[in-house]
Amino acid sequence: MKKKRKLLGKVFLGVLLLLVAFVLFLEIGSRRYMKKHVPQRSFDFVVCDQSKYPVDEDKIQVLKGLVGARREGQAITQEDLNRAMIVVREEDMTHINGVYCNGLIYVSEALPEKAMYYVARHELEHVFQHRGVARECDNDEFCANWIAGSEYPLGLLQTIFSSLIRAYHLYPSVWVFLYGSWRIFRYYFLGLG
Ligand SMILES: [Zn+2]
């Protein structure tokens with residue numbers, strides 16, 4: 030019994046060390062590699078160009094209603110998100126799952142259903158932050174992510190997997206995929222710049 034416990038302890042320590050080594054590899058590697066090899070992307074999305082996507086006044090009114098509901102402490106339902114989000118062709122939102130711009134919430138049609146709700150809830154939290162009705166928060170992306178994730182945990186997982194698969198096809202090399210995905214993870218999920 031003692032031997033077994035000792036062995037389990039060693040296995041646990043081994044796994045922990047491997048994990049720490051992997052994180053260090055991603056952290057140090059991404060800092061060096063991304064600086065040298067990846068040009069800064071400009072974030073001008075087609076959906077945010079009003080000549081291509083004119084502002085939808087009906088959706089603006091829906092969002093106003095949800096800001097009012099949040100102010101009164103009401104919960105946000107899936108039906109609310111259905112009314113609030115605008116689903117967009119993947120080509121008009123390459124590299125991103127969703128965006129809040131021109132006062133509206135856009136979500137990529139490339140996402141699985143639950144992931145769409147998760148992303149819509151994340152972007153809606155940005156609306157609340159912008160309108161001053163969100164919970165006190167130091168890091169907008171980090172908070173939007175965890176609030177949306179606590180309401181749509183399956184959507185969060187689907188979003189991670191579908192983003193990784195898409196990134197694998199879009200990124201020019203496996204290193205950019207690995208390091209780029211790590212930078213996105215640490216920014217959105219750990220709240221690190
Ligand atoms: Zn965001």
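Just so we're aligned: the sequence shown equals residues 30 to 222 in the numbering used here.
Glycine included, each C-beta is placed from N, C-alpha and C at the ideal position.
Is residue i near ligand 1, going by C-beta to nearest heavy atom under 7 Å?
i	result
Ala173	yes
His159	no
Glu170	yes
Leu155	According to the sequence shown, residue 155 is His rather than Leu. Indeed, a heavy atom of ligand 1 lies less than 7 Å from the Cβ.
His124	no
His151	yes
Assuming residue i contacts residue j (C-beta within less than 8 Å), just tell me the rounded distance between them.
i	j	result
Ala149	Val136	5 Å
Which stretch, first to last residue, makes up the alpha helix (DSSP H) that contains residue i?
i	result
Ser191	Pro182 to Leu199
Can you tell me whether residue i is helix, strand or coil according to DSSP?
i	result
Cys43	The amino acid occupying residue 43 in the given sequence is Gly; Cys does not appear at that position. In the structure shown, Gly43 sits in a helix (DSSP, three-state: H, G or I).
Val117	strand
Gln107	helix
Tyr216	helix
Asp85	coil
Phe209	The sequence as given places Gly at residue 209; Phe does not occur at that position. In the structure shown, Gly209 sits in a helix (DSSP, three-state: H, G or I).
Asn174	helix
Phe157	helix
Ala50	helix
Leu221	coil
The beta strand (DSSP E) spanning residue i covers which residue range?
i	result
Gly127	Gly127 to Cys130
Tyr135	Leu133 to Ser137
May I ask you to verify whether the stretch 205 to 212 touches the stretch 44 to 51, counting CB pairs closer than 8 Å and requiring at least 3?
no
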